[in-house]
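In this note's numbering, the protein residues as written are 98 to 878.
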Amino acid sequence: MSKRRRSSQSSPSSQGSRSSRSSRDNRHDRRKSAKSESDFARPGRRDGGRDSEHVNPATAKAKAETEAQIRAWLDAAIAPPTRQATGEIALDPWQEQVLAALMAGESVVVDAPTTAGKTRAVEVFFRAKLNDPLFRAAYTTPVKSLSNDKLREFRAMFGSENVGIATGDIKENLHAPIVVATLESYRNSLLGVEPDLGRTLVVFDEYHYLQDESRGSSWEEALILTPQGCQILLLSASVANAEQFTEWLREIHPHRPCRLVRTEKRPVPLVDLVFHGGHWLLPNTLPSGSMRPPQPGRPDAPVRQETIAERAEGLMALGLTPTIVYCGRRLACETMAAMICRHLSPLSPEEAERIGASLAASQEEFRGLSFISPQLRQMLQVYGVGYHHSGLAAPARMAVEALVKDGLLRFCAATMGLSLGINFSVRSALIADYQRPGELGFTDYAPSEVLQMLGRAGRRGKDAVGFSLWPSPVAYKRLGNAQRDRITSRLRSDPTTFLGLVGRGFSLRAIENFYSKSFRRFTDQGIDLSLMTKSRLVKKLSERDLPCDSPAAAVAAFWNKQESPCTGCRLRAKCHPILKAKSAGSLAALHVHLHKIGALNADESLSNFGSIARYFPQAGGLVMARLIADRQITPDNLSRAVELAASMTLARFKEPGTDARYRLPFGEYGVEDMLLQMYPYELFPEVYDPPFRQRTYPVIREYNPAAGYVVREWIQGMPWKDLIANTTHEHYGTGDVMSLILRSATYLQSMVQAGIPQLADLAKDLRSIMLREPLSFVLAI
C-alpha cells in the first residue's frame, strides 16, 4: 500500500504545523530521541533552575523576601472545612444564596471565580430534589470531556440509575432525574431533532461560551428555546457583564424571577511569582527596570522550553508543585514533559507505587494503560511527569486526568483544554507561551482563557494560596493583568435552526419573534432580524393584489431562472429592489437561500429535502441531506456515504496518513462544489478559511477527502492497531482518529433519528460496527 499525507496549502492554520516530509521526519527522529530512556537521564547541572549564578544585591534581597513569604504560605495552617451536622461541608454564604434562590423556584446567574465551588450549591439542590417525582434537571457543558467528568461525579453522588447522558455520541438513561448533556445535544432536543429531555431545571455550565465564534450561537438559541416553565441556572467565572446578561434573561423569560449571585472572593487567593535574575520573585520585589519592554529588534518571544524545564527542580525545592505547565501546541506538551524529566530526580518508591496503583485502576475501569505509550508511562511512573492534549486517546487522557485530580503528578504539560475538560486544582500554574492554534492559524490567548488556565491554581483545603508562575517579566507584563471579557452575541443565521423551527410549526412571524429575543438584538436594537413576508411587502408597495404568497419563494425561483410569479409581474420593477435590499439582512437572506436550494416549499413548509436536513446539524449536513433526498445515498452505498461524512468533519489542514490511490466517493470536486452551493461564502463566512498567501480565495474549512480513507479502512474491518499505525503521526494522533470516527458516526445517528425509509435500520447497524472496540469502550466511559 502506498501511504501518503495530503500536502494542500489551503489553510492558514496548517502553516504552523506543515512542512516538507524530510523536515517532519527529522523532527520525528528528534522527538523519539527526546523521549528515549537515556535522554531522561539528568544532566550534570544541578543549580535548581537558576539562569545565572551571579545575584546582585537587589535580587538577593527580593529572593530572600519572596522565599520567606512562600514558606509562610506553605506553613500556614489550613483550616478544615466547616461541616454540617450531617457531615457534609457547609456552604459559603454566596452558595447559600444560590441554593435559596433555586429552592424558591427562581432562575439564577452565578458569577464566581474558578474553583470557588459554583457547582456545590447545584449538588445540594439536586440531592434535595432527587426524590421529587416531578424533578427533571439537565446539566449542560461546553465539551464532551466535561460532560463525561460530570457524569462520573454525579453517578458517584446520586447513583447511576439517577443520572443519564446525552451527547452527540451516546444517549443513555434519558428519563433519569438528572441528565448531563453537551450544549448542542440539549439545543437539538429543543429543535425536535433529538429526543426531548423534558426538564424542569437547566444548568448552563461555562456559559461564557456564548461568545465563542463558532459555537456561541447554539448557546443563545438554547437559552431562547428553553421552555418558559423551566428554571435556568448559569455558571461562569469569566463574564464581565453578568448584570446585562441577567437583564436579558429576565426579558426573554419574564414569568420567573432571575437573581444574579456574585462573589469576587476566591477561597484560595492567587499569588503571582515572576522569574527574574535566576529566581522566582514576587512582583513587588522585582528590581527596578525589570519590567522594561524588550529593546528594539528583540521580540518579546516566550521563554524557551528547555529554559522553563531547567527551572522544574527549583520549583520543587520551593514546594510549588503540583504544577500545570500550559503549552499552546500538542507537540510542545510532549517535548516540555520530556525536558522536565531530564531535570528531576526519580520518584521515591512510595510515590511511584501510588501512581502505579492509579494507572492500574484506570486500566481496570476504562483500559487507560492500553492507550498510554511506553514513553508516557515511564514519565508518569518514574518522574511523576505527564502530558495531556486532544491527540491522546480518550482513555489515556482520562488516566492522566485522574493522576492530576489526585495530586500525584509533580508536573503536567497540557494544552488549554485540560483547564476546561475536568474539575481539578493544583498548587501552581504556568503559561509557557502566548498563543494556541485557532481556526484561522495561531491566535493569542484570550483574557478569559488566561483566567481559566490560571484559575486552576490553589487547592481548597490544602493550600493557603495558589501560584501563577510567570517565566519572565515580559510574560507577566503581557498576560498577567488579564481582565474578564464582556459577553457579545455570536448569533448567526443557521439553516438547521431555521428548518428546525419550521419543523416545529413556527410561522414566519414566530421565527422573527424567536430571533428578536436574541442577546444580539438585546444589545443592538438597530439590527434588522425581520423576514421577507407578504404583509410587509404589501405595506411597502401600498399594493394589496400581489401575485405571490411567499415573496421569498417567488424571488428565489426567479433568481434561479425557474418558473416564478415574478415573471411578467407588473410590480417587479418596483418590488425587486425592495426584495434585494431586504435580502441583504442575514436572516432574510437565509430565508431566500433555503428556498433557492429547495429546503422550503412555496407555502413556507418543509420540503422533503428540508424535512431531512433539519436532522443534520453537522458540518456539511445540507449536502448529506440533499444526496439522501435525491436518492443518491442508498442501502447499497451507505458505507461510502459515511466516507463522505468523514470528509466533511475533518479540518482541511489535517493530514491523516492515507493511500495515494484512495478516491472519495461521490466525486471529490463534485462534493466541494455542493458545499459551495449549500454554504455560500456571503451567508456562511464562518465555515470558510479566508484567503491565505498564494491562495487568493476562501475555501471550506472542514472538508478533507483524506478522512474518508480512515473511515473506510475501519468500516472494512482493519484492526485498530493497524489503523493507528497507518494513519497517525506526530501531528495526527490516536485521539484524532477516535474523534473522526465518532463524529462521522453521528451522521448515521441522524439518519436513525430522521427515520429515513430503507436507511434508518441499516444506519443503526453500521453505526454499531463503527463503534466497536475500542470505540465502544470510549463511549462507555
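Yeah, the Cβ is synthetic: ideal placement off N, Cα and C, and Gly gets one too. What you are looking at is a predicted structure, and each value in this text was computed from that prediction instead of being measured.
The alpha helix (DSSP H) spanning residue i covers which residue range?
i	result
Leu780	Where Leu780 is concerned, there is no enclosing alpha helix (DSSP H), given that its DSSP letter is neither H nor E.
Gln659	Unbroken run through Gln659: none, as it is neither H nor E.
Gln532	Where Gln532 is concerned, there is no enclosing alpha helix (DSSP H), although the beta strand (DSSP E) it sits in stretches over 532-535.
Phe223	215-226
Tyr806	803-812
Thr404	402-407
Tyr829	Note, Tyr829: premise wrong, no alpha helix (DSSP H); not H, not E.
His692	683-693
Ile452	446-463
Phe342	339-349
For the beta strand (DSSP E) holding residue i, just list the boundary residues, first then last.
i	result
Arg485	With the sequence shown as reference, residue 485 is identified as His, and Arg is not the correct amino acid for it. That run of the beta strand (DSSP E) goes 482-485.
Gly563	563-567
Cys327	Careful: Cys327 lies outside any beta strand (DSSP E) and carries neither H nor E.
Thr594	Premise fails: Thr594 lies in the alpha helix (DSSP H), 592-600, not in any beta strand (DSSP E).
Gly718	Counting along the chain, Gly718 falls outside any beta strand (DSSP E), though it belongs to the alpha helix (DSSP H) covering 718-726.
Phe301	298-302
Val205	204-208
Quick one: what's got a C-beta closer than 7 Å to residue i's C-beta in the same chain, skipping five residues either side?
i	result
Cys438	Phe137, Met476, Tyr480, Val482
Arg583	Ala337, Asn338
Gly256	none
Leu684	Ser590, Tyr612, Leu626, Leu628
Leu271	Gly261, Ala263, Pro292, Leu294
Ala726	Asn705, Phe706, Ile709
I need the straight-line Cα distance from residue i to residue j, nearest angstrom please.
i	j	result
Lys637	Gly767	41 Å
Leu856	Asn734	10 Å
Arg284	Tyr236	12 Å
Leu441	Ala434	11 Å
Phe763	Met771	11 Å
Lys679	Ala649	10 Å
Leu489	Leu859	31 Å
Thr512	Tyr484	9 Å
Leu868	Gln715	18 Å
Pro777	Tyr423	38 Å
Leu596	Arg711	5 Å
Val368	Phe564	5 Å
DSSP three-state call for residue i: helix, strand or coil?
i	result
Glu269	strand
Tyr667	The sequence given here places Arg at residue 667; Tyr does not occur at that position. Reduced to three states, the DSSP call for Arg667 is coil.
Ser282	helix
Arg792	strand
Phe706	helix
Ser333	strand
Cys355	strand
Leu243	helix
Ala511	strand
Phe539	strand
Ile469	coil
Tyr766	helix
Asp862	helix
Arg869	coil
Under 9 Å, do residue i and residue j count as touching if we go by C-beta distance?
i	j	result
Ile329	His350	yes
Val652	His673	yes
Glu340	Ser315	no
Met550	Ile519	no
His826	Arg427	no
Leu243	Asp309	no
Trp567	Gly552	no
Arg587	Glu344	no
Val875	Pro443	no
Ser191	Val562	Note on identity: in this sequence residue 191 is Trp, with Ser being the wrong assignment. For Trp191 and Val562, no; Cβs fall outside 9 Å.
If I measure Cβ to Cβ from residue i and keep anything under 8 Å in the same chain, skipping five residues before and after, which residues do I get?
i	result
Ala234	Phe223, Lys226, Pro274, Ile275, Val276, Arg296, Thr297, Leu298, Val299, Val300
Gly682	Asp625, Leu626, Ser627
Ser865	none
Glu250	Asn520
Leu863	Leu735, Ser736, Val739, Ile812, Leu845
Leu248	Val260, Ile262, Val277
Report all residues from its chain with a CB closer than 6 Å to the CB of residue i; omit the five preceding and five following residues, and keep chain order.
i	result
Leu287	Leu322
Gln580	Pro544
Arg142	Residue confidence for Arg142 is low, a pLDDT of 42 falling below 50, so the modelled location carries little weight; the figure read from the coordinates is stated next. None.
Leu332	Val207, Lys215, Asp302
Ser661	Ala651, Ala654, Phe655
His376	Lys160
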